[in-house]
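Protein chains in written order, with our numbering: chain A, 13 to 125; chain B, 12 to 120. Positions of the beta carbon are idealized from the N, C-alpha and C atoms, including for glycine. Written below as structure tokens is the structure these notes are about.
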């Protein structure tokens, strides 16, 4: 069964450093998303991406964040200068055409020290 | 602000029990809803879609009540393996998911 994959599973970084989180969505899907979940809190929408551009972004997704689909298979989330409060699980999700179901990757746990 | 609200629980039930969760939403125009299951420190996994006509999948039944703006999930004959957090999802007009805080279920032997 096709699945969304994410790397790395755990990333530890120092405050102020740049991180890139990687995702490989399900191959025939066209809609891509990033969500985050701070420990003990709910899953929050960050950004949606379709047709090589951002469709929608939340208030959390400020100028420090960017997304890219560099090669037609990977979908990346970059945080330019990490802050302590960026520590969270980051989930990538993808969705096919004509359906509303989103399928989530296993997540990257980001720890900012 | 649009919110999806759930009772955080935990709901502690014995094996074999029937348990039900509700979730309320505030956007009356929303068309699609889902229940996801999340195990500790894992990703949300799709459990089932929610339709106005109701949706049943084995021991699980989901229902949408548009008049009162809530969705429900019923689990019959609870198994130990059903222990997890159940996430209610409202799909916005732009396809983004709005998650509830989740309801924790513990099924006890």
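Residue range of the unbroken beta strand (DSSP E) whose run includes residue i
| i | result |
| --- | --- |
| residue 22/A | 22-25 |
| residue 31/B | 30-36 |
| residue 1/A | Absent from the structure is residue 1/A, since the part of chain A shown begins at 13 and ends at 125. |
| residue 99/B | 95-102 |
| residue 66/B | 66-68 |
| residue 88/A | 87-91 |
| residue 15/B | 15-17 |
| residue 74/B | 71-76 |
| residue 61/A | 56-62 |
| residue 108/B | 108-110 |
| residue 121/A | 120-124 |
Other residues of its chain near residue i: CB distance less than 7 Å, five sequence neighbours each side excluded
| i | result |
| --- | --- |
| residue 47/B | 55, 56, 57, 58, 98, 100 |
| residue 67/A | 60, 61 |
| residue 111/B | 15, 16, 17, 34, 98, 99 |
Nonlocal neighbours in the same chain, by C-beta distance under 6 Å from residue i, ignoring five residues either side
| i | result |
| --- | --- |
| residue 101/A | 49, 119, 121 |
| residue 25/B | 119 |
| residue 29/B | 87 |
| residue 21/B | 115, 117 |
Residues that DSSP places opposite residue i in a beta bridge
| i | result |
| --- | --- |
| residue 23/B | 117/B |
| residue 56/B | 48/B |
| residue 17/A | 36/A |
Nearest-angstrom beta carbon gap, residue j and residue i [assumed within contact, 8 Å]
| i | j | result |
| --- | --- | --- |
| residue 85/B | residue 72/B | 4 Å |
| residue 96/A | residue 77/A | With a Cβ gap of about 16 Å, residue 96/A and residue 77/A do not count as contacting. |
Any contact between the stretch 97-113 of chain A and the stretch 40-54 of chain A? By contact I mean 3 or more CB pairs, one from each, below 8 Å. Judged by Cβ distances under 8 Å, the stretch 97-113 of chain A makes contact with the stretch 40-54 of chain A, as three or more pairs qualify.
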